[in-house]
Amino acid sequence: MPRLLMCPPDHYALRYEINAWMHLENQPDLALARHQWQRLYEQVRQLAQVELVSPAPECPDMVFTANAGLVVREGEVLLSRFRHAERRVEEPHFRRWFEEHGYIVHIMPDDCPFEGEGDILRAGERYLGGYRKRTQICAHRVASEYLGHEVLSLELVDDRWYHLDTALFVLDERTVVYYPGAFDSYARRVIEEHFDTLHVVEEEAMHFACNSVVIGQTVLMPEGCPLITALIERRGYRVIPIPMSEFIKSGGACKCLAMFLE
Ligand code: ARG
Numbered sequence: 012m013p014r015l016l017m018c019p020p021d022h023y024a025l026r027y028e029i030n031a032w033m034h035l036e037n038q039p040d041l042a043l044a045r046h047q048w049q050r051l052y053e054q055v056r057q058l059a060q061v062e063l064v065s066p067a068p069e070c071p072d073m074v075f076t077a078n079a080g081l082v083v084r085e086g087e088v089l090l091s092r093f094r095h096a097e098r099r100v101e102e103p104h105f106r107r108w109f110e111e112h113g114y115i116v117h118i119m120p121d122d123c124p125f126e127g128e129g130d131i132l133r134a135g136e137r138y139l140g141g142y143r144k145r146t147q148i149c150a151h152r153v154a155s156e157y158l159g160h161e162v163l164s165l166e167l168v169d170d171r172w173y174h175l176d177t178a179l180f181v182l183d184e185r186t187v188v189y190y191p192g193a194f195d196s197y198a199r200r201v202i203e204e205h206f207d208t209l210h211v212v213e214e215e216a217m218h219f220a221c222n223s224v225v226i227g228q229t230v231l232m233p234e235g236c237p238l239i240t241a242l243i244e245r246r247g248y249r250v251i252p253i254p255m256s257e258f259i260k261s262g263g264a265c266k267c268l269a270m271f272l273e
């Protein structure tokens, strides 16, 4: 059974603007957010073991645990080094959780922003890495040394898709679901060259279709994405739509709210 890390939304809030989705005048309904998080949590719990990290009051985005770091091998994590000061305050909290749970914690060089599983995703023996918006290219080299595998570097070119996991997910080790408009033309070639692909249309990418969690044959996907759902179901997967409106106001959805621990 896979193991994932989540963080209850007790202190979730929208207090600053660090991506194109966040607008202080468009505040999330926090009761509804809790409800949506709970729904995702219940679904994940049916398919995987879920660990919880305690939320810290000064970290309104800590709920997005995909950005805590990247597990580079069993029991070893490469901790994130957030691009923005607003999120850097999360680092000691995540670090403490990993240390208390017996992980060896690797640290990025100071000048090398890296936002964890938000920007590096595994596809079998390969890894895909997004860069430019949050994670910088230097982090791919450091990560690939810890991983012992190459990271295929993909440039993100649209501010709305600022983490790799907002624009792409791995369905199985040979198949990638993605929104082409988020990437530069060479990155699109890299993806098409290495994988069988399913394309997400812009409207469904705006509903965070690419921010899905795949566990076995189940895909937990933000609701409002019927076209890509049909394509994925045709491949024998079960797609479960999850309402995520209140997290999308902060630029995140299902995948951002969970980090794979192995
Ligand atoms: N408000 C958060 C930020 O801008 C959202 C993070 C979403 N996480 C993700 N893995 N895409 O940093």
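Residue numbers (our numbering): 12 to 273.
Built from N, CA and C at the ideal position, the CB exists for glycine as well.
- Assign N37 to one of two classes, buried (16 or more other C-beta atoms within 10 Å of its C-beta) or exposed (fewer than that). When all chains shown are included, N37 counts as exposed.
- With a Cβ-Cβ cutoff of 7 angstroms, do K266 and D170 count as a contact? No, the Cβ-Cβ distance between K266 and D170 is not below 7 angstroms.
- Message: So the candidates are H218, A67, M73; which of them puts its Cα closest to the Cα of L238?
- Response: Relative to L238, the option among H218, A67, M73 whose CA is nearest is H218.
- Query: Any contact of the segment 247-255 with the segment 222-230, i.e. 3+ C-beta pairs under 8 angstroms?
  - Reply: Verdict: yes, contact present.
- Query: Are the beta-carbon atoms belonging to H117 and Y138 less than 7 angstroms from one another?
  - Reply: Not in contact: H117 and Y138 (Cβ atoms no closer than 7 angstroms).
- Counting only the same chain and skipping the five closest in sequence on each side, list residues whose C-beta sits under 7 angstroms from that of E257. Taken in chain order, the residues that qualify are P39, D40, L43, A44, Q47.
- Query: What whole-angstrom Cβ distance do Y189 and H210 have, given they're in contact under 8 angstroms?
  - Reply: About 7 angstroms separates the two Cβ atoms, so the contact holds.
- Between the C-alpha atoms of R200 and L165, what's the straight-line distance to the nearest angstrom? Rounded to whole angstroms, R200 to L165 spans 10 angstroms at the Cα level.
- Task: Please list the segments of the alpha helix (DSSP H) lying wholly inside the segment 24-63, counting only runs of 4 or more residues, in order along the chain.
- Result: Every alpha helix (DSSP H) stretch that sits fully inside the segment 24-63 and reaches 4 residues is listed by chain position as 41-58.
- Task: Kindly give me the distance between the Cβ atoms of L167 and K144, rounded to whole angstroms, as I take these residues to be in contact under 8 angstroms.
- Result: Contact flag correct, Cβ pair sits at about 5 angstroms.
- Hey, out of L182, H95, L25, whose CA is closest to R132's CA? Arg is not the amino acid found at residue 132; the sequence shown has Leu there. Checked all of L182, H95, L25; the closest Cα to L132 is L182.
- Message: Is it buried or exposed, A31, if we count other Cβ atoms within 10 angstroms and call 16 or more buried?
- Response: That one is exposed.
- Task: Within the segment 134-208, note down every full alpha helix (DSSP H) run reaching 4 residues or more, in order along the chain.
- Result: 148-158, 196-205, all fully within the segment 134-208.
- Message: Taking 8 angstroms as the cut-off, does the segment 13-30 touch the segment 74-93 (at least 3 CB pairs, one atom from each stretch)?
- Response: Output reads yes: the segment 13-30 touches the segment 74-93.
- Item | Supposed close pair F54, I253 - CB separation, criterion 8 angstroms | What sits at residue 54 in the sequence shown is Gln, not Phe. Right, their Cβ atoms sit about 7 angstroms apart.
- What do you reckon, are the CB atoms on F125 and S155 nearer than 7 angstroms? Taking 7 angstroms as the cut-off, the beta carbon of F125 is found no closer than this to the beta carbon of S155.
- Task: Determine the direct distance from the alpha carbon of A134 to that of R185, and round the result to whole angstroms.
- Result: Going by the C-alpha atoms only, they are around 7 angstroms apart.
- Query: Would you report the Cα separation of A241 and V212, rounded to the nearest angstrom?
  - Reply: Take the alpha-carbon of A241 and the one of V212: they are about 13 angstroms apart.
- Query: Near Y197, what residues of its chain come up, given a Cβ to Cβ distance below 8 angstroms and the 5 sequence neighbours on each side ignored?
  - Reply: Within the same chain, Y197 has close Cβ partners E166.
- Bounding residues of the beta strand (DSSP E) (the contiguous stretch that carries M17): First-last of the beta strand (DSSP E) with M17: 14-17.
- Query: Hey, quick one: how far does the beta strand (DSSP E) through P237 stretch, first residue to last?
  - Reply: Counting along the chain, P237 falls outside any beta strand (DSSP E), though it belongs to the alpha helix (DSSP H) covering 237-244.
- Message: Can you tell me whether P252 is helix, strand or coil according to DSSP?
- Response: The answer is strand: DSSP assigns P252 an E or B state.
- Query: My guess is that Y157 and V83 are in contact by the Cβ rule of under 8 angstroms, so how many angstroms apart are they, rounded?
  - Reply: Confirmed, Cβ separation roughly 4 angstroms.
- Message: For the ligand ARG, I want to know if A198 counts as a neighbour, meaning its beta carbon is within less than 6 angstroms of at least one of the ligand's heavy atoms.
- Response: Between the ligand ARG and the CB of A198, the shortest heavy atom gap is not smaller than 6 angstroms.
- Item | Simplified DSSP assignment, three categories, for P20 | Note: P20 maps to helix in three-state DSSP.
- Task: Ignore the nearest five residues each way along the sequence and tell me which others in E128's own chain have a CB closer than 6 angstroms to its CB.
- Result: Contacts found: A77, L81, M270.
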